[in-house]
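Per full-length UniProt numbering, the very first residue in the sequence shown carries number 1; after that it's consecutive. Just so it is clear, CB atoms sit at the ideal spot from N, CA and C, and this is done for glycine as well.
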Amino acid sequence: MRLQGNLNNIRLRNKMLIIYFLSVFVPVILTNVIFYNITTNNVKKQKLQDLSLAIEQMRNEFKYQIDTVIGISSVLYNDTILNEYLDQQYEQSSDYVINYHSYITSMLEKYTPVYRAIQITLYTNNDTIIYGGHVLPFSKSTQEQEWYKRLEESNTLNPIIVQDLTATVQPTISIVRKLSSSTAKARYAKALKIDIHPEFIKQVFNNVTFEGSVYLLADDVVLYQASPNGDIARADDKFDEVEKGAIILEQDFPNTQYLSNWRVLGEFQESEVLVAVRKSREFVIYMAIPNVVIPSLIIIWFTRSLNVRIIRILKQMKRVKNHIFETIDNEETKDEIGQLTMEFNRMTLQIKSLISDVYMADIQKKELELKRNQSQLHALQSQINPHFLFNSLETIRMRSLMKSEEETAKIISHMAKIFRKSLTWGKDQVTVKDELDLVESYLQIQKYRFGDKLDYRIEVDQECLTDLIPKMTLQPLVENASIHGIEPLKTSGLISICVNKTKAGTKFTVRDNGVGIPQDKLNELLDNLRYSEEIGERIGVQNVYLRLKLFYGDLVRFEISSEQGMGTTFEIEINHPL
Numbered sequence: 001m002r003l004q005g006n007l008n009n010i011r012l013r014n015k016m017l018i019i020y021f022l023s024v025f026v027p028v029i030l031t032n033v034i035f036y037n038i039t040t041n042n043v044k045k046q047k048l049q050d051l052s053l054a055i056e057q058m059r060n061e062f063k064y065q066i067d068t069v070i071g072i073s074s075v076l077y078n079d080t081i082l083n084e085y086l087d088q089q090y091e092q093s094s095d096y097v098i099n100y101h102s103y104i105t106s107m108l109e110k111y112t113p114v115y116r117a118i119q120i121t122l123y124t125n126n127d128t129i130i131y132g133g134h135v136l137p138f139s140k141s142t143q144e145q146e147w148y149k150r151l152e153e154s155n156t157l158n159p160i161i162v163q164d165l166t167a168t169v170q171p172t173i174s175i176v177r178k179l180s181s182s183t184a185k186a187r188y189a190k191a192l193k194i195d196i197h198p199e200f201i202k203q204v205f206n207n208v209t210f211e212g213s214v215y216l217l218a219d220d221v222v223l224y225q226a227s228p229n230g231d232i233a234r235a236d237d238k239f240d241e242v243e244k245g246a247i248i249l250e251q252d253f254p255n256t257q258y259l260s261n262w263r264v265l266g267e268f269q270e271s272e273v274l275v276a277v278r279k280s281r282e283f284v285i286y287m288a289i290p291n292v293v294i295p296s297l298i299i300i301w302f303t304r305s306l307n308v309r310i311i312r313i314l315k316q317m318k319r320v321k322n323h324i325f326e327t328i329d330n331e332e333t334k335d336e337i338g339q340l341t342m343e344f345n346r347m348t349l350q351i352k353s354l355i356s357d358v359y360m361a362d363i364q365k366k367e368l369e370l371k372r373n374q375s376q377l378h379a380l381q382s383q384i385n386p387h388f389l390f391n392s393l394e395t396i397r398m399r400s401l402m403k404s405e406e407e408t409a410k411i412i413s414h415m416a417k418i419f420r421k422s423l424t425w426g427k428d429q430v431t432v433k434d435e436l437d438l439v440e441s442y443l444q445i446q447k448y449r450f451g452d453k454l455d456y457r458i459e460v461d462q463e464c465l466t467d468l469i470p471k472m473t474l475q476p477l478v479e480n481a482s483i484h485g486i487e488p489l490k491t492s493g494l495i496s497i498c499v500n501k502t503k504a505g506t507k508f509t510v511r512d513n514g515v516g517i518p519q520d521k522l523n524e525l526l527d528n529l530r531y532s533e534e535i536g537e538r539i540g541v542q543n544v545y546l547r548l549k550l551f552y553g554d555l556v557r558f559e560i561s562s563e564q565g566m567g568t569t570f571e572i573e574i575n576h577p578l
């Protein structure tokens, strides 16, 4: 019901705007935003899945090729004839040449499908062999190479993957392992080295479906980099920085001992992945514009049809209030507003007729009677003597005392005192004592009315009792505290009146613990005190303030402080002239 009441205070045009925003604009915007976000998230999720599959595919293909090369090394490692030929001492060079061409080269021809991608080299310290082709000695330069040092330090017959970090453009990946003979004790040291060509790695990682940079890392060292812009990583590059706004996808090589610290990493910008989604933004906007514009035009059209005609009726009603009885020029319409306009015109004509024929004559008659009654009242009032009222109140008080109704007699006495002081103004200034007597009489009457709900305390310095102040200075403030502060309370309240002597003059304080004054009403009251300069017939707070200003000018300080629920305090400080 409260919400319905608030809606009734809203203008029709604003109601239509609220309906438009809540029923059209906000749902359309939210729908398009949600649709755009869902589309973006779905496309991003699908794109990430596709890119992750591309990274996984490159990893699997690279692992497959490495496993193939490892398999070749295992075949050569277990080839007894090859080991015997390399361990054999040749008295004649022709015997080695025959073995080389008859067996060693034929063994290598078995791997023709991958021969272009790899290079197989056999190393030995057999001096009876003629070095050349695929068989080389352990020369001094060979022993200084990293792969040889790694092989010597490994103390294992398993294959080892090493990287040639001295490459000028891209590192070369090699599989090396020691060779042994299964038929006899090996006479000479032998090693197998299979180099993988960089073009082979490039062929594996140049995946056209991945829109970003691909890195082959070993212990965070970049062995290969494929970038859309053609960037090439150096052999000693470390992958330790990620570009701002980049997304990283990576795949390691699980269950593979010789590739345990290797991984394939993909880096791409999210903005590049969502280019297609951003292009769809324009489509979403173009779809949203008609959904917003068309309902807006319809709402404006309907609102104008209603609002303009209602405002016209309202303006004409205000003219009728000022006794301008004119009809509304309007085409006959069948909706409710059209019928309202027709009824208004009919009512206006009837009122105009009644005023012309009956009302004006009746008004003249009433005015004559009113003037006659006022004359009689003034004559009667002039015959009433105020002393009659005082004597009547005194008679009532005496009869109350005779009946032992002392409390009633006391209240009647206070009422007579207030009535006498109100009618017999006499002089403009009274002593503080007389003003406090009037205040106490008023509080006694109020306490008689409210009982224990109202209590009061008056504290005054004795030397202040003879000071003169404008009449009715404190009583309106006390009345304000009683009526507006204590009376609305559901519990008991206290009014305190303090009069103190200060170094500069006299200070008057009227304080209550009532309901207080709301901040907006307090600001309005302070503004009236600050800017109004007319006293008129008012006897309230503003009247007190203006009379004090007339008497003392800048020598008086008048302050009001209030806190809602805590009470209100009035402070008056009258300074003695220097």
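Report yes if the C-beta distance between residue i and residue j is below 8 Å; otherwise report no.
i    : j    : result
V541 : P470 : no
L53  : F268 : no
H576 : A504 : yes
I574 : L555 : yes
I458 : I497 : yes
L179 : K190 : yes
A117 : F253 : no
I161 : Y258 : yes
F558 : L550 : no
S102 : P159 : no
V204 : F62  : yes
S562 : L522 : yes
How is residue i classed by DSSP in three states: helix, strand or coil?
i    : result
N575 : strand
T183 : The pLDDT assigned to T183 is 47, lower than 50, so where the model puts this residue is not dependable, and the model offers no usable value.
T341 : helix
I539 : Since pLDDT at I539 reaches only 49, below the 50 mark, its modelled position is unreliable, and no value is offered.
S139 : coil
R530 : helix
E336 : helix
D87  : helix
V478 : helix
T327 : coil
A288 : helix
Y148 : helix
V439 : helix
N500 : strand
M512 : Note that residue 512 corresponds to Asp in the displayed sequence, not to Met. Correct three-state label for D512: strand.
E459 : strand
L377 : For L377, the pLDDT reaches just 45, beneath the cut-off of 50, and the residue's location in the model is therefore unreliable, although a value from the coordinates is still provided. Correct three-state label for L377: helix.
T128 : coil
K490 : coil
A235 : With a pLDDT of 46 at A235, under the threshold of 50, the modelled position of that residue is not reliable, and the figure given next carries that caveat. If DSSP states are grouped into helix, strand and coil, A235 belongs with coil.
P295 : helix
G485 : helix
I313 : helix
G350 : Note on residue identity: the sequence assigns Gln, not Gly, to residue 350. Note: Q350 maps to helix in three-state DSSP.
Q519 : helix
L465 : coil
Which whole-angstrom value describes the C-beta separation of residue i and residue j, a residue pair presumed to lie in contact below a C-beta threshold of 8 Å?
i           : j    : result
L151        : V135 : Actually they do not touch by this definition, with Cβ atoms about 17 Å apart.
residue 590 : T431 : Coverage of the chain is limited to positions 1 through 578, which leaves residue 590 absent and any answer about it impossible.
Q339        : I328 : At roughly 13 Å, the Cβ-Cβ gap does not stay under 8 Å, so Q339 and I328 are not in contact.
V320        : T348 : 6 Å
E250        : R263 : 5 Å
V478        : L443 : 7 Å
T341        : I324 : Between I324 and T341 the Cβ distance is about 17 Å, and since that is not below 8 Å, they are no contact.
G133        : G212 : That belief does not hold up - the Cβ atoms of G133 and G212 are roughly 42 Å apart, past 8 Å.
Q145        : A218 : Incorrect: roughly 17 Å between the Cβ atoms, too far for contact.
V292        : F25  : 6 Å
Does the beta carbon of residue i fall short of 7 Å from some heavy atom of the ligand HEM?
i   : result
Q88 : The model depicted lacks the ligand HEM and carries no ligand whatsoever.
Using a Cβ-Cβ distance under 8 Å, would residue i count as near chain B?
i    : result
D554 : In the structure shown, chain B cannot be found, because there is only a single protein chain.
- Task: May I ask you to verify whether the region 27-41 touches the region 210-223, counting CB pairs closer than 8 Å and requiring at least 3?
- Result: no
- Between the region 122-142 and the region 89-106, are three or more C-beta pairs nearer than 8 Å? yes
- Task: Examine the Cβ distances between the region 562-572 and the region 505-521 and report whether three or more of them are shorter than 8 Å.
- Result: With the cut-off at 8 Å, the region 562-572 and the region 505-521 touch.
- Item | alpha helix (DSSP H) runs wholly inside the region 186-222, at least 4 long, in chain order | 198-205
- Could you pull out every unbroken alpha helix (DSSP H) segment of at least 4 residues lying fully inside the region 26-105, listed in chain order? Runs found: 26-77, 80-87, 93-99.
- Message: Taking 8 Å as the cut-off, does the region 80-87 touch the region 59-70 (at least 3 CB pairs, one atom from each stretch)?
- Response: no
- Item | Ordered list of beta strand (DSSP E) runs contained in the region 246-276, each at least 3 residues | 246-252, 262-269
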